[in-house]
Each structure stands twice: as structure tokens, then as C-alpha cells.
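This report concerns only the one structure given below.
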Amino acid sequence: MQTPPDLAYPTHWEADVVLRDGGTARIRPIAADDAERLTSFYEQVSDESKYYRFFAPYPRLSDRDVHRFTHHDYVDRVGLAATVGGEFIATVRYDRINDQGLPAKDPEDDQAEVAFLVQDAHQGRGVASALLEHIAAVARERGIRRFAAEVLPANTKMIKVFTDAGYTQKRTFEDGVVRLEFDLEPTEQSMAVMRGREQRAEARSAQRLLAPGSVAVIGTGRTPGGIGRTALRNVLDAGFTGRLHAVNHAFADGMDRLEPEGVPAVRSLSEIPDPVDLAVIAVPAARVPDVVRDCGEHGVQGVLILSSGYAEAGPEGRERQRAVLQQARSYGMRLIGPNAFGLINTAPDARLNASLAPRMPGAGNIGLFTQSGAIGIALLSGLHARGPGDGGIAGISTFLSAGNRADVSGNDLLQYWHDDPHTDVVILYLESIGNPRKFTRLARRTALVKPVVVAKGARHTGVAPQGHAVPTVRIPDSTVAALMRQAGVIRVDTVTELIDAGLLLASQPLPAGPRIAILGNSESLALLAYDACLTEGLRPMSPRVLASAATPDDFREALAEALAADSCDAVVVTAIPWVGEEPPGSPEEGEGTALAGALRAAAEAAPDKPVTVVHLAMDDLARTLAAPGEPVSVPADASPADTPAPSESQAPPTPRPPAPPSPHATYPQRPQVPSGPPPSPFASRPPQAQDGAVPAPARRPAPVRIPAYPAAERAVRSLAEAVRYAAWRREAAEPGRVPAYDDIEEAAAGADIDRLLARLVPDTDTGRSVPLSPDHAADLLARYGIHTHPAFHAPDPDTAVRAAARIGYPVALKTTAPHLRHRADLGGVRLDVANETELRRAYTELTDFLGSAEELRPVVQAMVPRGVDTVIRAAIDPAAGAVLSFGLAGAPSQLLGDIAHRLIPATDREVTDQIRSIRTAPLLFGWRGSQPVDTAALSELLLRVSRLVDDHPEVVAVDLEPVVVAPSGLSVLGAAVRLARPPVTTDLGPRRLPVY
């Protein structure tokens, strides 16, 4: 049944996966040279597990068994193994069978029998579930649509693996055996199961790195200074709660302690009797492979490589990086870096600073990820300057700077932060996105429960930084930004904007709308804030200007009144130094401190509304507002509207107790800092919507911390991002739907595509796309209810006249040459041609002025009702995925870049918003007295194109231009479709770690 190419070892089936406990394993096809590994693996399996596999005592494999289980054709008989350290820990195989359960002889047989065997020591790690995902993908690739498995009733673990997978299945019981049959077509439930397992595994993997019980710094210098010694000193100074070891092969014989740190010192990992969870590696790149091998053999869970000299150093370094990644994964370890800056965890039960940052940041609720060490330093320094200390406005929960991010990336941290109770705002600085489809999916999932703020470097060069291997992006950065916003990501441009937005979101509730009250003691500063609000699309109210000598009590009363108003969703307070004879406040505290107390008192009374402050030359005001402080007491003479109602939010935060000293530590314990992140501004969320979205704004915690900015534009821009994000959250709480149209012929379209690809594209060519002829494109589009108006080629005037007679006058005559296509402004289109005489004259004019008929390629087409010319496109971008684009036809829209993009599959709400989002949208809705056009028909067409591309990954491009949208209905006058064989692996396939 198989052909010779099928016998080749399928390297694309190899994959690294994260298991349930956060460790990794490699899944690969079993080959003929695996006989010894298979035998060794089987010897380590218990008799009970062997009995469950073969339904009888089966102590050892015969030579015939070994040959059968290691020799496959990779079509009808396939075996996969999960390996750690090069040794098998689990296997799965399928054999194609017919309807009678016998070995298949007909190529059309689409059923296979599947069986697993997992080493007892690795049961419970999710190995079988991962293998099932991969063997199912392999089977689908080989034309198998259904699996059958026979399991003993006592083998409940394996039955659960099958039943929990989410596939449509049938279960029967006969002759003491449970028979399970299930379709391999992915279902919504099976995808949800796979995504859920992926999230839990990758979150656990990141958690093991961020909260290790023991750390070894390998390459600790014998004298102060150097990267290794600095890293060890930083771990120690932060008050790390676990065990810490210094490792250096050059330490003197008999040396067991590094002084003056008092840390246990060893020459190699093998001398450490206890497990090591995280190894910080600071040795030259040439020595890293030996160190990674030692880590793997010692059972280290993860390695943080500070060393440079990898992909950032050129092609040789890139190969060195790939080799060390493969080596680390072969031992089941995750890798941060290489060329990393490090990681930080401020939780009281961790207190880990395994980075080159000399100062432990304050504990807070911001999760921070960067790829660049330099940007990591800038962000940590900027946050410290805005709110130092534990519980301050700028405190972080966790920080990771991944360097070349050969393995651990921002995606892993998104998985971790999604469920992390100590992280309420996610800040990411990215220079490249290795798996953009997955990033968009994870970012949207996280943004449904907490804000995700992203700044991206290297936006305009089109070249990733040294050390980053990523897919080529074919779409402009503005499109990438629009798609991020669709996923709920708050996209900013600079490091300063990252900090500004992050501080507001970390300390303030989400605004309920765009109505902004402005108050302060400077009219000029208030007007700047007013103008900034209008620029950002907010709805500011007329500023309330207080006297320049306004006291803190005046500010408190004005702010309390603004927050109490139903017409206000947020408040911007502007402040300049007090002007008067006697400054407010005592000499000890200063006017800024007094004003901060007044603003906090008023803000406590309205915990559902955000407040932000703009100040000039009042650094003590900003400092006091950012500090954790104590809950503010309201003056006794305050009005009831000013007085906060008794609530949980007024109680001072209870710090988590410090972890007890480690009983395993052999060096002097550092005193534990009774610190922790402040209460979450999102802690009082209302019940979640069905999809996890939170429709209502969150409440501010106590004590109140208010962000302060030295410029009105910065404060308002951050507030505007919060307004837009809150609106997205409210909309996400009621997501749109992807309509199911009764006239769509999905199966028939699939058959057409298979037939066309078989004729146009070789089986082995997955990278080349081919255009369809106009007739084939029209037929395929018609399967999805998209009907195009035919265009008849007219190589000469007589042929044009015959075509017009067939269509009926009036007609359109237009050129289709690439340089003139869709360029009516160049004179290549003649409309409303009423008769033969006019047609011949128009034909002569075209050929006389624009070129010969061979160059122009004229066509004749029927006239359609007048309307607005639009363009609809869908394309597969390797970096962004499937993208649906819409805009008005013509040069002005193209020059201005007035095109809206949405990810596919698009919902009805998304395409409605897409149509309205372009700047020229008023032309569709009756601008200056014109008749509105049929946007409902336009929305349906967009949804049908989205369905076509989503249902059939072979459709890599659809171009409909022009689409004339009339007051009633629309007409598609031009269509182009390109097909390509889809890549073997996509983000919709089984979970796997990327290889960059």
C-alpha cells in the first residue's frame, strides 16, 4: 500500500513537549536502530503494566516482537516514543485495520488500532495524553480517520486518557474487554482539552523556574566580581528562601564554603547531595555543553544561561545555541537564554533574584517579561523610580529577561501569569515573536482576566535582532498592532509608555466609560489635559479650575464631588505648587504629602472609578501617592458623600507570613522580609462570564495608590488605553458568533481543492502557492455562496462586440494588465457603454492611448448597480496567521493605508466593527447626503470569505476587487484565489515546543 517515499523517516513528527509536571520529553518516530532502547524500556515496566498492554503475562519481548515494534512503514504501521535523556519512557503505536479488525489491505481503509505503554515511574505525568495528540495527528496525515482501542476494565488510567481527550467516541463492552472507538477529527471539545493541558503544563514549567527550592550558580568566581559571583551575590542579598550552592571546578580541594558569603561551595554538581531545581550558568560558551550535561545527569529541572556567544554572535553561535537547546531538552530541562539577564520572584516564600540586577525590586502585582537585558534594566530602574519598596505602586511579582529566548519565551510566562494570583498586570517588551499565532491566542486568553501591555522593538527594519530566529512578517507593523488590539492587547510604542500604562492599570480600577472629569489649580495644565483627552478619543468635561492657593481640603472636596457624579467615569487631577502666604501641611510633611493624603481620602470614597494625577515640580506628591502607606482616614467634618462606606477594601493589607528557614541550608540564613505584593486592584471582580471575560470594572484596593505623571499627555494616554481595554473586556463578555450558512458546501469545496492541488502542486511541495484560473476560482467561491460576475476576454473589437451581445448592453470595457488593473484613474475602464458603436470607439481609444490589446488584456463585463467600490482580501501570513482585510478601493485608501484587519475566523461583531473602523467608512453610511449602502450584505460577504479560509487551510489567498456595494446588495466584479499545500504542523496541531 505504501510507496517508497513513505518509508523515509518522517523528521517532521519529532517534537519536544511539556508534560503535566512541567518537565519536558521528546516525541519521535521509533526506528529500526531503537531495538536496544525498546528492550531496556520494556524491562523497566512492571508486570502489571505489561499485563494491561498484552492482556496476559508477558515478561519479555521476543526478537520477533522487537523487530515488529521497531520496523515501521510510517503509513499503515507507526510507532512513536517519548524519550528523556535519550531513553524511552513511553511508546504508542497504531496498525491500520479494516472493518473486521484485520490488517488493512485496501488503501481506502481509514481505521487503526492504537495501543500505549508507559513506564511506571513516568505514569501520571501526562505522557500518554501527549502521545495520543501526536499519534492522532500522524494518523490524520496518513488518511486515518478513526482509532479503535481495546482496554481491560481495570486499566482505568488508560481508559481515562481516551475518554478525556474530547474526541467523539463510542464505547462497548464485550468478552471482558472495553472497546473504544473515536473519530480523530478535532472537535471544539478536543481542542479545548488540548489547550487546557498545554496551559497547565507550561504554567507549571514556568513556575518550577520562578520558584525553585534550590539554586546552584555554576561558574561562581573565586574572587569578587564577574558574572557568576555577581549572580550569586544577588541571589543571596535578596533573601532567597531555598538552598544556594556555589559551583566552580577551579575551587581548591577541600574548600566547602565560599567566603565572605558563607555559601556552600563545591567543585561539581555531583558533590551536592540534594536535588537542584535551577542551575544558573555563567561559564564560557565552550564549557556550557559539559555543564548542561552535568545538570541533566543530576536531575536539574531548568537552566538559566547568562553566558553569551550564541546566536547573537553569528551562524556558528546559532548552531551552538540549537545544540545546547537540544541537549537541555533531551534531559527534560527547560532553558532560559542563552545570553539572558535573569529572573526575579518577589514572593515572600521565594525572594529570588537570579539576575544581574543589583537591586531586588519591590514586591507588587506587575509581571514583567523582556527579551533585551538593556530594556530589562531600563524597566526595572524606571519602575523603581516611580514607586520603590514592597507594596509600592510600581512593585513587580515576577520578572524574566530571556535574552535569545531559545526555549522559554513570553508565551510561557503568559501561561503562568494567567492563573498567578499575585500578578494583575502583564508587561511585555518583545523584539520578536517566535510563534505569533500562539502568542495572539494566549494574549487574548490572558487579556480576558488581566491587562496585557506590549511594546515591540525592531518594528520597522523587517529584521529581527541578532539571536532571534523568527518567521518573516509580510504585513506591516500597523497591521500587527491592529491584530494585537483585536486580541485585547494594549500596544504601546516606548518603554516610558509601558511603565505609564502599567502603573495605572496596576493601581486603578477599569473605567466604565470615556467620560473624564478634569480638575486642578492651574487652568493651563487643565486645558492641556482637556486637549489630550480629545486627541485620544475620550469625552472630557469642562475643567474645574480651583484657585492657585487651593488647599488640600479644596482638592479633596472637588475630587469627591467629581467622583460622586454619575456623569463621570474617571478623573484627571492637575496640580502645581501652592501659591499663597502659608503653604498647607506641616513643615515636616510638605505640601505634596498633605495633598496626597487629601486625594487618597477622596479616592477611597469611590473605589470603582480611576484617578490619575498630573503634576509640575511636585515630586513629593508623586512619591507619596506611589508609596504603599496606610489606609487614609477621612476628616471628621467630611460630608457623607466624602466618607467611604465600611468595606473590606479599607482594611490594611495583611502580609503573607514569611517562609520558615530552610532546614537544608548550611549557610547563615538571611532575615526574611515580611513583604509581598499589595492587594489586587482586580480582586473584587464580579462573577466571570462564561468565556472568562469580566464585564464590570474592578475595585481599587486599600491603601489607595494613585499614579502621577509629569505631563498631561502621558497621564491621558495611559487612561485612554485603560478606557479602550475596558471597552474590549465588556465586548468580550458577549462575544460574537461565526454564522453557519446553509448554502455552504464545505465537503464539495474540499474535494475541489484536493483535485486542483493534485493537478497543480506536487505532493512534496508545501511552500509554493499557485493561482487558480478565473473559472476555477469562481467555482470554488460559489461553493461558499460568493458569486462573481464573469468577465469575457476581448482580444479584438469583434470579440468584444460578441461578448457584449451575449451579456446585453450597457457593458463595461476594462483592462486587466497588472500595471493597469483596478486603476480607473489611469483611464483603463470605460463604463456604461450603451451600444456597439460606443464599444468599438472605446476599444480603439484604449488601444491607441494605453497600448496594444496583447498588453492591455481587455475584458467585457456586465454593468452592475452603482455603489461604493470596496476591496476584500484574506491571506495567510506566516507570522500573523490567517488575516481578513477590508478597505475601499482606489489609490487614496491604498496610499493612506486605510485598511482594517481582523484575525480569521472572524465573528459577526468583529466584521461589523471592521467595516466601521476605516477612516473612509462614512462613505458607506450616507456621507454628505449620499444614499447608505448595504453594509449587511458586505458583512455577510466578509464572513463567508473568513469561513472559506478557516475551513480550508489550503486556500492561502483570496482577493475580491472590486466589490461594488449598492444600496441593496453587492456585486463581486473581480476575484483571485491562490492554493498551496498546508504546512505539516500548525498551531492547530498537537502541542509542541518551538525550535528557533
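Letter by letter, the sequence shown follows residues 1293 to 2288 in this note's numbering.
Glycine included, every Cβ here is placed at the ideal spot set by N, Cα and C.
Quick one: Cα of residue i to Cα of residue j, how far?
i: Glu2038; j: Asp2071; result: 13 angstroms
i: Glu1442; j: Val1469; result: 6 angstroms
i: Ala1571; j: Ala2004; result: 46 angstroms
i: Leu1444; j: Ala1348; result: 11 angstroms
i: Pro1987; j: Gly1829; result: Low local confidence applies: a pLDDT of 42 at Pro1987 is under 50, so the model's placement there is unreliable, with the coordinate-based value given in what follows. Cα to Cα, the separation comes out at about 21 angstroms.
i: Pro1504; j: Val2030; result: 44 angstroms
i: Glu2146; j: Val2255; result: 26 angstroms
i: Arg2051; j: Leu2271; result: 12 angstroms
i: Leu1353; j: Gly1654; result: 59 angstroms
i: Pro1321; j: Arg2060; result: 27 angstroms
May I ask which residues mark the beginning and end of the alpha helix (DSSP H) holding residue i?
i: Arg1356; result: 1355-1362
i: Tyr1721; result: Per DSSP, Tyr1721 belongs to no alpha helix (DSSP H); it is in the beta strand (DSSP E), 1717-1722.
i: Arg1471; result: No alpha helix (DSSP H) holds Arg1471; the beta strand (DSSP E) holding it covers 1469-1475.
i: Phe2178; result: Counting along the chain, Phe2178 falls outside any alpha helix (DSSP H), though it belongs to the beta strand (DSSP E) covering 2173-2180.
i: Gln1491; result: 1480-1502
i: Arg1997; result: Note, Arg1997: premise wrong, no alpha helix (DSSP H); not H, not E.
When DSSP labels each residue in this structure, what does residue i get in the three-state scheme?
i: His1414; result: helix
i: Phe1333; result: helix
i: Asn1696; result: coil
i: Ile2291; result: What is shown of the chain runs 1293 to 2288, which leaves residue 2291 out entirely.
i: Ala1798; result: helix
i: Ile1427; result: helix
i: Ser2061; result: strand
i: Val1527; result: helix
i: His2079; result: coil
i: Tyr1602; result: coil
i: Ile1667; result: helix
i: Gln2186; result: helix
i: Val1926; result: At Val1926 the pLDDT is 39, less than 50, meaning the model places this residue with poor confidence and gives no usable figure here.
i: Phe1408; result: strand
i: Lys1397; result: coil
i: Gly1889; result: helix
i: Phe1346; result: helix
Looking at residue i: is its Cβ nearer than 8 angstroms to the Cβ of residue j?
i: Thr1732; j: Leu1706; result: no
i: Cys1587; j: Val1580; result: no
i: Leu1528; j: Glu1553; result: yes
i: Leu1720; j: Phe1661; result: yes
i: Leu1891; j: Ile1810; result: no
i: Pro2282; j: Glu1425; result: yes
i: Ala1557; j: Asp1548; result: yes
i: Val2125; j: Val2093; result: no
i: Ile2210; j: Ile2196; result: no
Please decide whether residue i counts as near chain D, where near means a Cβ-Cβ distance under 8 angstroms.
i: Ala2043; result: This model lacks chain D altogether, as it is built from one protein chain only.
Give the range of the beta strand (DSSP E) segment to which residue i is assigned.
i: Glu1466; result: 1461-1466
i: Arg1783; result: 1782-1784
i: Glu1379; result: 1379-1389
i: Ala1632; result: Here Ala1632 belongs to no beta strand (DSSP E), and DSSP marks it neither H nor E.
i: Ala2267; result: 2267-2272
i: His1714; result: Counting along the chain, His1714 falls outside any beta strand (DSSP E), and DSSP gives it neither H nor E.
i: His2193; result: 2191-2195
i: Ile2168; result: 2160-2169
Could you work out which residue in the options is closest to residue i when comparing CA atoms only?
i: Ser1814; options: Val1787, Arg1783, Ser1506, Thr1866; result: Thr1866
i: Ala1649; options: Ala1642, Ala1666, Val2093, Arg1471; result: Ala1666
i: Lys1742; options: Ala1779, Lys1748, Ala2272; result: Ala1779
i: Leu1330; options: Asn2127, Thr1383, Arg2236, Arg1438; result: Thr1383
i: Ser1701; options: Tyr2001, Glu1494, Arg2158, Thr1460; result: Glu1494
i: Leu2162; options: Ala2154, Ile2196, Tyr2135, Leu2215; result: Note on identity: in this sequence residue 2162 is Thr, with Leu being the wrong assignment. Comparing Cα-Cα distances from Thr2162 to each of Ala2154, Ile2196, Tyr2135, Leu2215, the minimum goes to Leu2215.
i: Ile1286; options: Glu1477, Val1837, Val1337, Glu2232; result: Because the chain spans 1293 through 2288 in this model, residue 1286 falls outside it and cannot be assessed.
i: Leu1797; options: Gly2159, Ala1856, Glu1849, Gly1687; result: Gly1687
i: Trp2020; options: Pro2089, Pro1806, Ala2167; result: Pro1806
i: Arg1777; options: Ala1632, Ala2018, Leu1817; result: Ala2018
i: Arg2006; options: Thr1827, Val1583, Ala2041; result: Thr1827
i: Asp1357; options: Tyr1366, Phe1346, Ala2213; result: Phe1346
i: His1907; options: Thr1916, Ala1854, Pro1920, Lys1901; result: Thr1916
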